[in-house]
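Asks: Submitted below is the structure of interest, expressed as structure tokens.
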Amino acid sequence: VNQAAIRGALEFATVFKAICAGFLTGTEPAICQKCSTCRDEHKCVVEGRCASADGAVSTSTFASTIFSLCLFFGCVGLIQWKRAQTQMRDQVKGILAEYMPLDEDKIDSTAIVDDDDDIDGQFT
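Quick note: the sequence shown uses my numbering, first residue 215, plus one each step.
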């Protein structure tokens with residue numbers, strides 16, 4: 215092919231690449247440019263299009279999908295974090311209310327009693 219001997223098995227992909235390599239850059243047929251990156255070159259040449267690209271996703275679609283998923287899971291994570299913070303705050307308030315009741319009616323409920331009767335400076 216192109217005045218060069220091909221060694222090894224004569225598979226379609228090998229012969230196709232050898233023929234396309236014989237053209238100068240920019241002068242190769244459109245089929246060489248179209249099918250050189252396909253996984254199944256034989257099917258590409260027969261059908262005239264790269265069949266493996268039919269089910270492929272474009273880069274922009276892939277990037278926007280990944281961004282959307284990151285945004286979604288980030289929002290879900292933020293909501294869960296806020297919810298956990300609120301629950302923890304409520305639990306702490308409940309524990310404090312249970313062990314340290316706040317009675318506004320009883321102002322003298324402190325353990326320290328101020329006795330001004332000890333004028334001579336002696337403690338009893």
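All residues carry an ideal CB built from backbone N, CA and C; glycine is no exception.
Note that this is a predicted model, so its numbers are computed, not measured.
What does the alpha-carbon distance come out to for the pair Arg177 and Cys264?
Replies: For the chain, the structure presents residues 215 to 338; residue 177 sits outside this window and is missing.
Asks: Mind listing, in chain order, the continuous alpha helix (DSSP H) runs of no fewer than 4 residues lying wholly within the segment 238-272?
Replies: Qualifying alpha helix (DSSP H) stretches, in chain order: 244-249, 255-261.
Asks: Alpha carbon to alpha carbon, how far is Thr275 from Ile245? Give it in angstroms, no decimals.
Replies: C-alpha separation (whole angstroms): 27 Å.
Asks: For Lys307, verify whether its CB is less than 7 Å away from any heavy atom of the ligand NAP.
Replies: Judged by which ligands are present, the structure shown has none, so any question about the ligand NAP falls away.
Asks: So, Lys248 versus Cys258, is the Cβ gap smaller than 8 Å?
Replies: Contact flag set, yes.
Asks: Counting along the chain, where does the alpha helix (DSSP H) carrying Ile233 start and finish?
Replies: Start and end: 226-235.
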